[in-house]
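If you count by the working numbering, then the sequence shown holds residues 28 to 453, one letter each, in order. Every residue, glycine too, gets a C-beta built ideally from N, C-alpha and C. Computed from a predicted model, the values in this text were never measured in an experiment. These notes concern the structure reproduced below.
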Amino acid sequence: MRQSQLFGKTLREAPKDEVAVNAKLLERGGFIYKTMAGVYDYLPLGLKVLEKIRAIVREEMNSVGGQELLLTSLQPKERWEKTGRWEELGREPMYQFKDHSGREVGLAMTHEEALAEIALRSIQSYKDLPLYVYQFQNKFRDELRAKSGLIRGREFLMKDMYSFHRDEKDLDRFYRIVDGAYKKIFKRCDLDAYVAEASGGAFTKEFTHEYQVFSEAGEDIIFYCSKCRYAQNREISSMKEGDACPKCKEMVKSAKSIEVGNIFKLGTKYSIPMGLLYSDEKGVKKPVVMGSYGIGLGRLMATVVEIHSNGLGIMWPESTAPFKVHLIVLDGGKKAPPSKAGRASPTAVGGEKFYKILLAKGVEVLYDDRDDKSAGEKFADADLIGAPWRAVVSEKTIAARGIEVKKRSEKEGKIISEKELLKRVI
Ligand code: ATP
Ligand code: MG
Numbered sequence: 028m029r030q031s032q033l034f035g036k037t038l039r040e041a042p043k044d045e046v047a048v049n050a051k052l053l054e055r056g057g058f059i060y061k062t063m064a065g066v067y068d069y070l071p072l073g074l075k076v077l078e079k080i081r082a083i084v085r086e087e088m089n090s091v092g093g094q095e096l097l098l099t100s101l102q103p104k105e106r107w108e109k110t111g112r113w114e115e116l117g118r119e120p121m122y123q124f125k126d127h128s129g130r131e132v133g134l135a136m137t138h139e140e141a142l143a144e145i146a147l148r149s150i151q152s153y154k155d156l157p158l159y160v161y162q163f164q165n166k167f168r169d170e171l172r173a174k175s176g177l178i179r180g181r182e183f184l185m186k187d188m189y190s191f192h193r194d195e196k197d198l199d200r201f202y203r204i205v206d207g208a209y210k211k212i213f214k215r216c217d218l219d220a221y222v223a224e225a226s227g228g229a230f231t232k233e234f235t236h237e238y239q240v241f242s243e244a245g246e247d248i249i250f251y252c253s254k255c256r257y258a259q260n261r262e263i264s265s266m267k268e269g270d271a272c273p274k275c276k277e278m279v280k281s282a283k284s285i286e287v288g289n290i291f292k293l294g295t296k297y298s299i300p301m302g303l304l305y306s307d308e309k310g311v312k313k314p315v316v317m318g319s320y321g322i323g324l325g326r327l328m329a330t331v332v333e334i335h336s337n338g339l340g341i342m343w344p345e346s347t348a349p350f351k352v353h354l355i356v357l358d359g360g361k362k363a364p365p366s367k368a369g370r371a372s373p374t375a376v377g378g379e380k381f382y383k384i385l386l387a388k389g390v391e392v393l394y395d396d397r398d399d400k401s402a403g404e405k406f407a408d409a410d411l412i413g414a415p416w417r418a419v420v421s422e423k424t425i426a427a428r429g430i431e432v433k434k435r436s437e438k439e440g441k442i443i444s445e446k447e448l449l450k451r452v453i
């Protein structure tokens, strides 16, 4: 992508109304646009990151046997009345309104009711179980506090998976498998997530599990043991800082953290009111046992930014970076001058040519070909946007028959040959 043509420009200063680091950096970098509190648009750079994250999540959900589908946001009141949640969630945070014909409808903020209803057509007998389905879908929630950028949106993309089982034992089996998949997802995003026990609230008497990443931007507080990694959300915990860990006796600490995902055992809470039953081997009708598993994609992206950034900008892990290489061309660097023999020197490469080489090799590259920006402005943009590798082509590098390369995490670049650079980034 040529930066001269990129939709979405970097900003020198963060918008005044933003407090969260993720929102400041993502808006300044041209990744997102704030439409209103808690409502953000993804611009091309932001969408690239979102798609990287979506691909990781999708791969792991497919690997546990998940089937992808896509359900609606707009839903009839009657569906939600069956579980009593129309009234419960109508107080907050569900958006509910009347359409022009006076019919009451709502914007789904989660999809247990919808899936329990739709699954009626797929599940009749024990032979139809287990089943796992998931989607990437925009959720709407009228969140009271929407000050944390993408961490707390009022419209946000969630991956939600729902599982259907014949009994608790089979749910337990799958729950552990999803736990493994979630750990892989967060690791692949270069995040260290603690698995914290939390209250199931209205859902279940059992604990649910939250994937918590330490961060000052977090809205949760967890008590945790750094030795055995046992953790609990403060909201339910009887532990306090300095206590002995109930599992290994090490001292318990506390930290602010971001809940990047969670997994729930729903039991029969939704299947019974929705009439989702199956017949067992003897023809006895039993309620289907369900689980649900969520990850907020924007929140995950924001968490990567909170963790992987410094005062200059974002430092994307390769797995989530919008581009792998930010190629910058400075004055006189677009084309290498012809050699004495009248042909371009075989080892000196200009920016335009190197851009084409990278594209041909399939390297994702943002090419800063802008003629109206100074070297300082280009470098500042590269630090802000945060691609893992910065490559600079200039008169100086051409004279040295190389390209200057610097990792985002390094202070100084060094000139190496084109061949060597390709070896590193491919
Ligand atoms: P929280 O306690 O943070 O409000 P929640 O318990 O409401 O989260 P769920 O309804 O289970 O969360 O949603 C599943 C996942 O979706 C969460 O783990 C989180 O990653 C994400 N998520 C929830 N609410 C939001 C939001 N307002 N904006 C962005 N992501 C969200
Ligand atoms: Mg919530």
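By the CB criterion at 7 angstroms, SER284 and PHE241 fall inside the cutoff.
In the same chain as ASP408, and ignoring 5 residues on each side of it, the C-beta atoms closer than 6 angstroms to its own belong to THR37, in chain order. Residue side-chain check: MET185 places its Cβ nearer than 6 angstroms to a non-hydrogen atom of the ligand ATP. Counting of Cβ neighbours within 10 angstroms places LEU142 among the buried residues, the total reaching 16 or more.
Under DSSP, GLU308 forms no beta bridge with any residue. Excluding residues up to 5 positions away in sequence, MET188, VAL205 and ILE290 lie with their Cβ nearer than 6 angstroms to the Cβ of TYR320 in the same chain.
Annotated as proximal: ILE355 and VAL419, with beta-carbon spacing under 7 angstroms. With respect to the C-alpha of ARG256, the residue from GLU286, ASP219 and GLU95 having the closest C-alpha is ASP219. Distance from the CA of LEU77 to the CA of GLU333, rounded to the nearest whole angstrom, comes to 15 angstroms.
When C-beta atoms of the segment 132-142 are compared with those of the segment 81-99, three or more pairs fall below 8 angstroms, so the two segments count as touching.
Cβ contact annotation for ALA50 (same chain, cutoff 6 angstroms, sequence separation greater than five): GLY176, in chain order. In terms of side-chain proximity, the C-beta atom of VAL287 is found nearer than 6 angstroms to a non-hydrogen atom of the ligand ATP. Between the alpha carbons of ALA414 and GLY93 lies a distance of about 32 angstroms.
The beta-carbon separation of LEU385 and VAL376, rounded to 11 angstroms, does not stay under the 8 angstroms limit for a contact. DSSP places GLY133 within a strand segment (E or B) once states are collapsed to three.
Taking 6 angstroms as the cut-off, the C-beta of ARG118 does not count as close to any heavy atom of the ligand ATP. Within the same chain, and ignoring the five residues on either side of LYS254 in sequence, the residues whose Cβ sits closer than 6 angstroms to its Cβ are CYS275 and GLU277. Secondary structure note for SER281: its beta strand (DSSP E) is the uninterrupted segment 280-294. Taking 6 angstroms as the cut-off, the C-beta of GLY133 does not count as close to any heavy atom of the ligand ATP. Spanning the alpha carbons of ASP307 and PRO157 requires a straight line of approximately 13 angstroms.
The beta-carbon distance between CYS252 and VAL222, rounded to whole angstroms, is 12 angstroms. This is too long to meet the 8 angstroms contact definition.
Between THR424 and ILE442, the gap from beta carbon to beta carbon is short of 7 angstroms.
Of the heavy atoms belonging to the ligand ATP, none sits nearer than 6 angstroms to the Cβ of ARG81.
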